[in-house]
Structure formats: structure tokens, C-alpha cells
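First up is the structure itself, then whatever we jot down about it.
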Amino acid sequence: MAMNVLETDWVELLDPKDPLLPYRKKGWDRFQAIGLPRPKQEAFQYVVKKQDLPKPARKKTVSASPTNGIAFVDGFFEETLSQIPSPMVCLPLESAIRSYGLFLQNRYSLILKSEMDPYAALNGALHGRGAFLYIPPQCKAALHLVQIHTSDAMATPRLHLYLGKNAELHLTQISQGASGFCNSVIDVVLDSGAKLSFLDEAEGHYQALRATVKRDAQLKGVFLGKTLRHSLKIELAEENSEAALYGLSQLEKDAESHFHVCVEHAAPHTRSRQHFKSVLKDLSRFSFEGKIYVHPEAQKTEAYQLNNNLILSDEASAYAKPNLEIFADDVRASHGATVGQLEEEEVFYLRS
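Take 111 as the starting number for the sequence shown in the working numbering and just add one per residue.
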């Protein structure tokens, strides 16, 4: 039934004049091939709050102060609320697909073809007005990514981000208002020597981060929001590339937070670090499923993965599944997880 409703929404949104129509069709085909999560499906087995998918949001105009960065309203890129200093370039996706032609077209097709997350694929089909942000070589900047929600409809923001050689960007994501369902995708390419620091303080339902990190480039992601489920897939594509991913979830009542992480080491001398923590009270739930995948050619890889969970009530629960798949023989890699609670003596000491 849910698929039938979504297909009706998909047909209603089709616009023959949309320059992104071929890519939307690829996203829809991929979503149909994957399908919505099934009961007890491994990648979603710990998510309790199954979300009913409302109808996709429609573009609307709101009164708000412009932000130093990029603003989305109900999943639609809003140029009038976005301030991007020169020489950086920020365009609606339908314009960028022409201006930045071959690169963006190939990238768009590639990530849709390889996508395994149903909600990320659905974003490719139903996203509102997406945005493309280009940071030219040597440029250094700090920007905000603001998600403004004004309705209970389905918000599907999509951002494609490209950092040129030796460019640096600090990007902070925040949200304003509450959405009935927010399903966002951020796609990142870091050229040689580029550095991206991404701080996520937004609340949402499903968010996918896809990134390709090239030679000598560095990606750092810190996730402090209350998004229901993060899907993170990072490819360390060339030598001396690096990724560091950190998360902290402080949950209470019946709140949930879930991380599904995959870091691929596809070249020699690459480094990654994953460290996720949770502090859980009441009926809250947390899960971490992390993978380090080392290709045969990725010799001299250094990879680290750890998940720590602190349980502060008898009803809270945490699930940890760190894992390694290593096909190279000269690798330094470790992984681990802990789930524990405060001892009575420790609590007494803290209260004294």
C-alpha cells in the first residue's frame, strides 16, 4: 500500500520540462529495486519508529532572515535566503546540471546507481529544489546549512558539494521548525588537498551523507543532532586521503538514534577513524553498525572504529555491530564496542 501511495505522488510530481527528470527516473527505478525496509531487515532492524510517509512538500515562500550559507525551506533550496560570498558558487541543481555538465551528470548517475539505502534513493526521485555548491581551489570559508520546516509534508532536501584543490570549508547544519518527515541527502567530492569539516546539529528523520575523498584530502564529520537514522558512506579514493567521523547521542524518553556507517579504503596510505558514543535514559534506543572495508590495493591502511554506550535506565537499549572486511595484508585496523552502566558506588561518589 505504501509503495502505491508513493508511486501516485511520484507520478503527480513528474514534469516533462524538468531538466533533472532523467535522474529522478533513475532514482525512482533504484528505489523500486530496493523497496521500503522490510520487517527485521538487518539495516533497519533496530528502528522502532517506522515513519508513515506524508505527501511531498510543495514550494512556498517564507519570511525569514537570510543566512550566511544555504537555506532550504521544506526541502526546497531558497536563493533569496541564501548568502554565498564570491568566489564560491551556489546554484539550483537544475541550473547546475547544465553549467557543470559532465562532472555533475556523471556523479549524479554514479551515486544513484550504487545506492543501497531506500530513503536515499527515494530522495533522488522526489527531492525538492536541490542545490549545488562549488568551493573553488584555495578558497577558505565557513557556512551554515539551514533546514527550515513549516509543514507536516515530506521534506526532501538535496545538496551536492564540490571542493576544489586545497579548498577548505567548515559547514554547520541546523534545523528550524518541525517536519512531518525529513529525508535529506548530502553528496560531497573533495578534490586533492581539500578539507571539509561538517558539524551536524539538525533534527530530522533520515539523512544520507555520501563522500568521495581524493589525494591528501580530509573529511571530518561530527554528528550531534537528533536525526532518527544516519547513513554514512565514505570512499577514500586516492592515496593519503583521510576521514574522521564522530557522533554523540544524548537520548531520553522514547527517542531513537541510529548510525549505519561504511568507510571504504580504496587506495594505499589512507586513514580513517570512527568514534560514536551514546548516553541513554528512559526508553531511548541507539544502534551503531559500522564497517571498515579495505580493498586489496589499499596497503598501509590505518583504520580505527569504536562505539561506547552508557545506559542510565533499565529500559534503555543500545546495539553495537562494528565490523571489518580486510582484503589487504599490510593494514593496521581495530574495532570495538562497549555497553555499560554506572556502578552504585560511582553514583554515590558523584552525589556526595
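For glycine and all other residues, C-beta sits at the position ideal for the given N, C-alpha and C.
Here the structure is a predicted model, which means the values were calculated and not measured.
Spatially closest choice to residue i from the options, by CA coordinates
i      : options                        : result
Phe396 : Leu163, Ile180, Tyr156, Lys150 : Tyr156
Arg320 : Gln360, Gly287, Ala231, His254 : Ala231
Ser444 : Leu434, Glu453, Ala438         : Leu434
Arg464 : Pro267, Pro228, His254, Pro247 : This structure does not reach residue 464, given that the chain is present from 111 up to 462, and the question cannot be answered.
Ile258 : Lys250, Gly287, Ile245         : Gly287
Leu361 : Arg325, Ala438, Ala408, Asn419 : Asn419
Met99  : Leu163, Glu152, Ser462, Ile284 : With the chain running from 111 to 462 in the structure shown, residue 99 is simply not present.
Ala206 : Arg148, Lys135, Phe458, His270 : His270
Ala426 : Val449, Gly145, Leu273, Arg442 : Val449
Asp439 : Glu454, Glu188, Gln409         : Gln409
Ser367 : Tyr414, Leu253, Phe386, Pro149 : Phe386
Gly303 : Glu313, Ser351, Leu212, Glu188 : Ser351
Asp297 : Glu313, Phe291, Ile344, Leu334 : Ile344
Arg101 : Ala327, Asp326, Glu348, Ser359 : Nothing about residue 101 can be read from this structure; the chain reaches only from 111 to 462.
Val295 : Val373, Lys170, Glu225, Asp326 : Glu225
Asn114 : Lys127, Ile284, Gln142         : Gln142
Asp262 : Val183, Leu279, Leu222         : Val183
Glu399 : Pro406, Lys223, Pro432         : Pro432
Glu204 : Leu334, Glu374, Asp128, Gly331 : Asp128
Lys330 : Gly314, Val373, Glu349         : Val373
Glu349 : Ser196, Glu188, Ala377         : Ala377
Gly335 : Ala327, Phe437, Glu313, Leu355 : Glu313
Alpha-carbon spacing of residue i relative to residue j, whole angstroms
i      : j      : result
Phe123 : Glu311 : Looking at the sequence shown, residue 123 is not Phe but Leu. In a straight line, the C-alpha of Leu123 is about 30 Å away from that of Glu311.
Ser307 : Leu342 : 15 Å
Pro202 : Val256 : 15 Å
Thr190 : Ala365 : 35 Å
Asn233 : Ile421 : 34 Å
Gln248 : Thr380 : 23 Å
Leu116 : Trp138 : 10 Å
Leu416 : Ala181 : 34 Å
Asn293 : Thr177 : 22 Å
Asn276 : Tyr229 : 32 Å
Val323 : Phe186 : 27 Å
Leu130 : Ala447 : 43 Å
Ile402 : Leu300 : 20 Å
Gly179 : Gln193 : 5 Å
Tyr429 : Met198 : 42 Å
Arg217 : Arg134 : 14 Å
Leu273 : Val457 : 48 Å
Pro463 : Tyr459 : Residue 463 falls outside the range modelled here, since the chain spans only 111 to 462, and no answer is possible.
Trp120 : Ala112 : 12 Å
Thr200 : Thr282 : Looking at the sequence provided, one finds Cys at residue 200 rather than Thr. Rounded to whole angstroms, Cys200 to Thr282 spans 16 Å at the Cα level.
Lys159 : Asp392 : 16 Å
Ser289 : Thr260 : 7 Å
His237 : Gly211 : 20 Å
Arg442 : Ala318 : 28 Å
Gln215 : Lys136 : 12 Å
Ala241 : Ser388 : 32 Å
Lys305 : Leu222 : 25 Å
Pro195 : Ser423 : 48 Å
Buried versus exposed, by CB contacts within 10 Å (16 or more), residue i
i      : result
Tyr316 : buried
Val371 : buried
Gly357 : buried
Thr337 : buried
Ser173 : exposed
Pro132 : exposed
Ser462 : exposed
Lys250 : exposed
Asp125 : exposed
Gln151 : exposed
Leu220 : exposed
Ala252 : exposed
Gly145 : exposed
Pro166 : buried
Arg168 : exposed
Leu390 : buried
Arg148 : exposed
Glu407 : exposed
Arg208 : exposed
Sheet register partners of residue i (DSSP bridge)
i      : result
Gln415 : Gln384, His445
Asp297 : His270, Arg320
Met264 : Pro166, Phe291
Lys250 : Glu278
Phe369 : His340, Phe398
Glu435 : Tyr403
Gly357 : Phe333, Phe386
Ala428 : Phe396
Pro149 : According to DSSP, which records beta bridges pairwise, Pro149 is partnered with nothing at all.
His379 : DSSP output for His379 lists no bridge partner at all.
Ile463 : Residue 463 lies beyond the range of the chain shown here (111 to 462); nothing can be said about it.
Val457 : Bridge partners of Val457: none, in fact.
Leu201 : Phe242
Glu345 : Thr322, Glu374
Glu352 : Gln328, Arg381
Ile180 : Leu255
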